[in-house]
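Novice:
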Amino acid sequence: MSRKPRIHVTGGFYHVTLRGNSRQDIFDCHGDRDLWESLIDRSIARYGHRLHAYCWMTNHVHLAIQAGAEPLADFISFLASHYARKMNLRKRRSGHLFERRYRAILVQQDSYLLELVRYIHLNPVRAGMTRMAAGYRWSSHRAYLGGPRPDWLTTCTVLRLLASTEAHARPRYAEFMTQRPDPTVVCGLRAGGDTDNRVLGADAWLASLQKDRPASQRTVSLDELISEACARHRVDETELAGSSRARKLVGIRAEIALAATTNGIATVSEVARRFGRAQPTLSRAMHRLKSKQAKKL
């Protein structure tokens with residue numbers, strides 16, 4: 270059964286959760302988290318998203334991400350695949366490190382962004398790993414209080430929701446963190462199952478999202494996308510999933526993958542598995558197609 274397409278809103282704020290496969294640990298030591306943060310830096314620079322808050326737990330991570338024009342799925346795929354590859358090499362193991370599908374909830378900025386940041390920063394407190402959020406090293410909470418801030422973290426957007434200057438906003442943020450969160454909001458921010466594709470916001474805002482989204486994002490599934498491409502190019506899906514490396518078939522696979530990721534229908538990894546291809550090979554074909562299309566503009 271095909272999954273529901275992701276909702277991609279350029280400039281939208283997302284609560285992203287990525288877990289270890291079968292809830293296994295993804296970080297064993299401080300060096301693992303240092304490696305993860307170096308890849309966060311590369312991924313942010315590569316895809317143009319903005320990271321507003323984070324928390325690196327032991328077997329999962331939380332991120333508050335503002336999406337750029339590139340699909341969020343590509344960002345997560347790049348980050349997770351590069352980290353998993355380096356960890357498998359370092360620890361001399363194989364297999365999947367992460368669950369195949371991350372969770373993402375689109376949240377309305379004015380109503381829920383502050384709540385999302387608090388939810389992320391209180392994660393280790395709820396888990397009993399620390400008594401206070403400031404006692405946990407691997408989150409962005411300390412940066413919001415005025416501590417060191419990595420270049421890839423953006424704090425000004427959230428702080429400006431509290432005051433016009435960071436100097437006035439920081440004590441208000443500290444006070445906000447001591448207040449009891451609304452239990453209904455906490456439930457709304459929790460990530461759901463594999464088919465999770467939720468949005469959290471006012472009814473009018475949700476309606477405007479549906480109105481503004483392209484029809485292809487609302488209705489097209491990966492199955493339909495493949496069927497349309499096969500009919501247009503007069504090929505059969507079995508040919509695309511076959512062993513042939515014919516230029517025509519390579520181009521069609523890249524075309525499908527590019528459309529799927531751009532419209533939030535599927536990740537590169539999901540399309541690669543569908544056609545029995547290696548994800549890096551399909552990614553290279555996509556980049557060649559992008560370059561070819563750019564030259565025609």
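Under this note's numbering, the residues of the sequence shown are numbered 270 to 566, in order.
From the three backbone atoms N, C-alpha and C, an ideal C-beta is built for every residue, glycine too.
(1) Leaving aside the five residues before and after arginine 487 along the sequence, list all residues of the same chain whose C-beta is less than 6 Å from its C-beta, in chain order.
(2) Go through its chain and collect everything with a Cβ distance to alanine 500's Cβ below 8 Å, but skip five positions before and after it.
(3) State the Cα-Cα distance for the pair histidine 284 and leucine 332, rounded to the nearest angstrom.
(4) Let me confirm a value: asparagine 392 is counted as buried when at least 16 other C-beta atoms fall within 10 Å, else exposed. Which label applies?
(5) I need the DSSP call for alanine 471, collapsed to helix, strand or coil.
(6) Taking all protein chains shown into account, do 16 or more other C-beta atoms lie within 10 angstroms of the C-beta of aspartate 303, making it buried, or fewer, making it exposed?
(7) Here's the rule: buried if 16 or more other CB atoms are within 10 angstroms of the residue's CB, otherwise exposed. What is methionine 446?
(8) Using only the alpha-carbon positions, how far apart do tyrosine 413 and threonine 424 sit?
(9) Examine chain C for any beta-carbon lying closer than 8 Å to the beta-carbon of leucine 382, and answer yes or no.
(10) On the criterion of 16 or more Cβ atoms from any shown chain inside 10 Å, does methionine 326 qualify as buried, or is it exposed?
(11) Can you look up tryptophan 325 in the DSSP assignment and give me helix, strand or coil?
(12) Kindly indicate the opening and closing residues of the beta strand (DSSP E) around arginine 288.
(13) What number of angstroms, rounded off, separates the C-alpha of leucine 551 from the C-alpha of alanine 541?
(14) Restricting to Cα atoms, I'd like to know which of Ser512, Ala510, Ser490, Leu518 is closest to histidine 502.
(15) So the candidates are Ala498, Phe344, Gly281, Leu385; which of them puts its Cα closest to the Cα of valine 537?
(16) In its own chain, which residues sit with a C-beta less than 6 Å from the C-beta of phenylalanine 282, not counting the 5 before and 5 after it?
(17) Since leucine 428 and tyrosine 442 should fall inside the 8 Å C-beta cutoff, what is the C-beta to C-beta distance between them, to a whole number of angstroms?
Specialist: Put simply:
(1) Confidence at arginine 487 is low in this model, with a pLDDT of 45, below 50, so its placement is unreliable and the value that follows should be read with caution. Hits under 6 Å: none found.
(2) Nothing meets the Cβ criterion.
(3) Histidine 284 and leucine 332: Cα-Cα distance of roughly 6 Å.
(4) Label assigned to asparagine 392: buried.
(5) Of the three classes helix, strand and coil, the one that applies to alanine 471 here is coil, per DSSP.
(6) With fewer than 16 Cβ atoms within 10 Å of its Cβ, aspartate 303 is classed as exposed.
(7) Its Cβ being crowded by 16 or more others within 10 Å, methionine 446 is buried.
(8) Whole-angstrom Cα-Cα distance: 6 Å.
(9) No chain C appears in the structure shown, which is made up of a single protein chain.
(10) If you draw a 10 Å sphere on the C-beta of methionine 326, you find 16 or more other C-beta atoms in it, and that means buried.
(11) DSSP, reduced to helix, strand and coil, places tryptophan 325 within a strand of the structure shown.
(12) For arginine 288, the enclosing beta strand (DSSP E) starts and ends at 282–288.
(13) For leucine 551 and alanine 541, the distance between alpha carbons rounds to 7 Å.
(14) Measuring from the Cα of histidine 502, the nearest candidate turns out to be Leu518.
(15) Comparing Cα positions, the closest option is Phe344.
(16) Counting only residues of its own chain and dropping the five nearest sequence neighbours on each side, phenylalanine 282 has a CB closer than 6 Å to the CB of Gln335, Val376, Gln378, Leu382.
(17) 6 Å between Cβ atoms; contact.
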